[in-house]
Amino acid sequence: MPHSLFISDLHLCPTRPAINALFGRFIQDTAPHAEALYILGDFFEYWAGDDDLAEPFHTAITHQLDALAKTGTRIYLMHGNRDFLISKDFLRAASATLLPDPTLINLYGQPTLLMHGDTLCSDDVAYQNFRGQVRSPEWQHAFLATPLPARKAQIEVLRKQSAQAKSTKPAEIMDTNADTVTAALRAHGYPRIIHGHTHRPARHVHEVDGKVCERWVLPDWYETGGYLRCDAAGCETHSLEISA
Ligand code: LP5
Ligand code: MN
55 MPHSLFISDL HLCPTRPAIN ALFGRFIQDT APHAEALYIL GDFFEYWAGD
105 DDLAEPFHTA ITHQLDALAK TGTRIYLMHG NRDFLISKDF LRAASATLLP
155 DPTLINLYGQ PTLLMHGDTL CSDDVAYQNF RGQVRSPEWQ HAFLATPLPA
205 RKAQIEVLRK QSAQAKSTKP AEIMDTNADT VTAALRAHGY PRIIHGHTHR
255 PARHVHEVDG KVCERWVLPD WYETGGYLRC DAAGCETHSL EISA
């Protein structure tokens, strides 16, 4: 049956070999059967710029994606808060197409809004302010003009600041805001929503203006992995276990 797969928050990096192996198995065994693979952000632990493509781990990942594309599976990628610097060189090497956040698609007849999910977390004001700053083209241009090692050093500082900030934020602040979800549903014609980011996998049902909408939150790939599979009959989650 024609179907599409959705993943996010893999946080791929060289120091997590078990997750990398799990992703390798997913790409080789599961994804080639799908018409399309949608990667909805935070594919990498962080992305410092496309001039880091030559790093062997990154080369290996782009080869895996390109090999998948050659089987006929279309690959779509949306930026997350950790890898929003992914740009055209990566996309070309991986044979992937960048999707803006949000993107409304027709998924087997059902309007479906794809998002990373961080914009729904509107109570996290410190993060939203930070996001506004680093998503500006001017900031990105200046950041990318600095040497790669300097960028990586700045990112390491930021990662520590972020971990420190998160340790003091109440958990509710780092979840989606109900009014922001409602506004997204209303603005886009009451679609189904699929997003990641919060690391709280679930299927939520929202009733907005008398319309019933479902919102799928994708799992992260930490202790286990997982994906959402959607076809004309609907969506279902599948988990992937790390083999011993
Ligand atoms: O990713 P996750 O879920 O752990 O945390 C996010 C928010 N944190 C981030 C930061 C990233 O995790 C760190 C890696 C990003 C690499 C990006 C590369 C390019 C940018 C390089 C910039 C130097 O996104 C976290 C949210 C959480 O999601 C839940 O929604 O709470 O947000 C924070 O913790 C941010 C703090 O609240 C504010 C941080 C202020 C830091 C100010 C330094 C500014 C330096 C750079 C300037 C423009
Ligand atoms: Mn994220």
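Count along the sequence shown from 1, then add 54; that gives the number in the numbering used here. From the three backbone atoms N, C-alpha and C, an ideal C-beta is built for every residue, glycine too. Model, not experiment: these values are computed from the prediction.
Practice item. Flag this pair as yes or no: are the beta carbons of Asp229 and Thr252 separated by less than 8 Å? Key: yes
Check your understanding: Should Leu198 be counted as a contact of the ligand LP5 given a C-beta to heavy atom distance under 7 Å?
Key -> No - the ligand LP5 has no heavy atom lying nearer than 7 Å to the Cβ of Leu198.
Exercise for review: Kindly indicate which residue of Ala238, Asn74, Thr278 and Ala88 has the alpha-carbon position closest to the one of Pro165.
Suggested key: Across the set Ala238, Asn74, Thr278 and Ala88, the C-alpha of Ala238 shows the shortest separation from the C-alpha of Pro165.
Practice item. Going by CA-CA distance only, name the one from Ala108, Leu139 and Ser221 that's closest to Glu192. Key: Out of Ala108, Leu139 and Ser221, Leu139 has the C-alpha closest to the C-alpha of Glu192.
Exercise for review: Consider the C-beta atom of His170 and the heavy atoms of the ligand MN; say whether any pair is separated by less than 7 Å.
Suggested key: Yes; taking the cut-off as 7 Å, the Cβ of His170 has a heavy atom of the ligand MN nearer than that.
Review point. Leaving out the 5 sequence neighbours to the left and right, which residues in its chain are closer than 8 Å to Leu153 when beta-carbon positions are compared?
Key: Tyr92, Tyr130, Leu131, Met132 and Leu168
**Study point:** Other residues of its chain near Arg246: CB distance less than 8 Å, five sequence neighbours each side excluded
**Key:** Leu161, Gln164, Pro165, Thr166, Leu167, Cys267, Glu268, Arg269, Trp270 and Cys289
Check your understanding: What do you reckon, is the C-beta of His251 under 7 Å from a heavy atom of the ligand MN?
Key -> yes
Review point. Would you call Gly186 buried or exposed, if buried means 16 or more other Cβ atoms sit within 10 Å of its Cβ?
Key: exposed
Review point. Any idea what DSSP makes of Ser221, helix, strand or coil?
Key: helix
Practice item. Could you tell me whether the Cβ atoms of Thr116 and Ala148 are closer together than 8 Å? Key: yes
Practice item. Go ahead and pull the three-state DSSP assignment for His249. Key: strand
Point to revise | Cβ-based burial, Ser58 [other Cβ within 10 Å; buried from 16] | key: buried
Check your understanding: In angstroms, rounded to a whole number, what distance separates the CA positions of Cys175 and Asn183?
Key -> 12 Å
Check your understanding: Can the beta-carbon of Ser141 be found closer than 8 Å to that of Asp104?
Key -> Yes, the pair counts as a contact, with Cβ atoms nearer than the cut-off.
Check your understanding: Quick one: Cα of Ala298 to Cα of Ile73, how far?
Key -> 12 Å
Exercise for review: Would you check if the distance between the CB atom of Pro255 and the CB atom of Thr200 is smaller than 8 Å?
Suggested key: no
Practice item. Rounded to whole angstroms, what's the CA-CA distance from Pro110 to Ala287? Just pull it up for me. Key: 40 Å
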